[in-house]
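Novice: What follows is a single structure, and I will ask about it in a moment.
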Amino acid sequence: MGLSGAHVEAAPSPPSDLQQPPLEFSAIFETPQQKASQKMFSCSVCKKSFSSQSNLKSHQLIHTDEKPFSCSVCSRAFRQRQSMQSHMRTHTGERPFECPNQGSHLRTHRRHVHAGGKQFICDRCGKTYADQRYLRLHKCCYA
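Mapping of the sequence shown onto UniProt numbering: position 50 corresponds to residue 50, and the numbering continues sequentially without gaps.
This is the structure we're talking about:
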């Protein structure tokens, strides 16, 4: 037996504390001016402002000669811990950020992979080189 012609309405859902009003476009995408107004910590020397007290404290070391982090190997001093940690790699030889495309010749690798490839072109035959020195050597063939 069917309910043909019967009309059933769904009961409205009760209001919930979990329901949030929809976000407006302006609340999701802030303008640079709005972001700037959120910076509340200002440097007393140069008036540059920061969003956190720790960023301001780190910045203020620029205005002094204070370098609280020093290398245990060579005693070179740094304003920031991260700078000192990066420096320590010069002593240990650690290279945690090596490029997976890198071969043994870093200079050539940078030109080939990261600087647009072979940029030096022979005006006579069109042969291309990643290093200008090799183009010069090639041109000696024509002399």
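Just so it is clear, CB atoms sit at the ideal spot from N, CA and C, and this is done for glycine as well.
Less than 9 Å between the C-beta atoms of L61 and F41, yes or no?
Specialist: no
Novice: Just the C-alpha distance for S70 and H138, rounded to the nearest angstrom, thanks.
Specialist: For S70 and H138, the distance between alpha carbons rounds to 49 Å.
Novice: Please state if the CB of S49 and the CB of C43 are separated by a distance shorter than 9 Å.
Specialist: yes
Novice: Quick one: Cα of D123 to Cα of M88, how far?
Specialist: 46 Å
Novice: Cutting at 6 Å between CB atoms, please list the residues of its own chain near R133, excluding the five before and the five after it.
Specialist: none
Novice: Closer than 6 Å by C-beta to S73: which residues in its own chain qualify, once you throw out the five before and the five after it? Chain order, please.
Specialist: One point to set straight first is that residue 73 is Val, not Ser, in the sequence displayed. Contacts found: H91.
Novice: If you count every other CB in all the chains shown that lies within 10 Å of the CB of A130, and 16 or more means buried, which is it?
Specialist: Classified as buried, A130 has 16 or more neighbouring CB atoms from the shown chains inside 10 Å of its CB.
Novice: Taking only the alpha-carbon atoms, compute the straight-line gap between T128 and K47 and give it to the nearest angstrom.
Specialist: 51 Å
Novice: For S86, report the span of its alpha helix (DSSP H) as first-last.
Specialist: R81 to T92
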